[in-house]
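Residue numbers (our numbering): 31 to 223.
Following: one structure in structure tokens, then a few remarks.
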């Protein structure tokens, strides 16, 4: 188990420092102090390693916590939006250094493009499911769950997070609060909901 964790840590360091395309499995093995066959045995290939990093990012951001908050009996639409915004803040805060280079590599690497698309699709599915569960009249007039999901994606993404935290000096909790307030205002008939 320790070898698995060390390989993942080494891969993350190298992907962030060099980029996905410039990092080989041999580089990861050397950085981790582990043999190349061990890396292949544990993760299959570089894409498998990358998928594991992406999955770990979701877990470290508190995916189970988000699901519990979304399904709680007292979870109003406003609270559900706040829970989703909180998850995205934690994800970008803890794994943004990996998300951005992997997204960029996905522009030219077919396997990573599929991984990135799948990750985005899973996030959208969560939002579609939550928005679809709301009673009629919850979404502002003129919105349907697909458009609401698109608006969410336009507001709560790594680029907006990075602009506000890195370029504009916002603290992550301020971004989370702004997302929750803006989402409620843009999506809900009653923003207090």
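Ideal placement from N, C-alpha and C gives every residue a C-beta, glycine not left out.
Enclosing alpha helix (DSSP H) for residue i [first to last residue]
i, result
"residue 176", "175-185"
"residue 71", "66-73"
"residue 201", "Here residue 201 belongs to no alpha helix (DSSP H), and DSSP marks it neither H nor E."
"residue 139", "No alpha helix (DSSP H) contains residue 139, which DSSP labels as neither H nor E."
"residue 58", "55-62"
"residue 194", "Element bounds for residue 194: n/a, residue is neither H nor E."
"residue 32", "32-48"
Beta bridge counterpart(s) of residue i as assigned by DSSP
i, result
"residue 218", "169"
Residue j beta carbon less than 7 Å from that of residue i
i, j, result
"residue 119", "residue 206", "yes"
"residue 51", "residue 135", "yes"
"residue 79", "residue 70", "no"
"residue 160", "residue 110", "yes"
"residue 96", "residue 113", "yes"
"residue 99", "residue 202", "no"
"residue 76", "residue 46", "no"
"residue 209", "residue 186", "yes"
"residue 188", "residue 129", "yes"
Residue i classed as buried or exposed, judged by whether at least 16 other C-beta atoms fall within 10 angstroms
i, result
"residue 132", "buried"
"residue 167", "exposed"
"residue 149", "buried"
"residue 196", "exposed"
"residue 108", "buried"
"residue 144", "exposed"
"residue 151", "exposed"
"residue 53", "buried"
"residue 157", "buried"
"residue 35", "exposed"
> Is the region 32-41 touching the region 52-67, taking contact as three or more C-beta pairs under 8 Å?
Replying inline: A contact exists between the region 32-41 and the region 52-67.
> Using 8 Å as the threshold, is the region 175-189 in touch with the region 210-223, meaning 3 or more CB pairs across them?
Replying inline: Yes, they touch.
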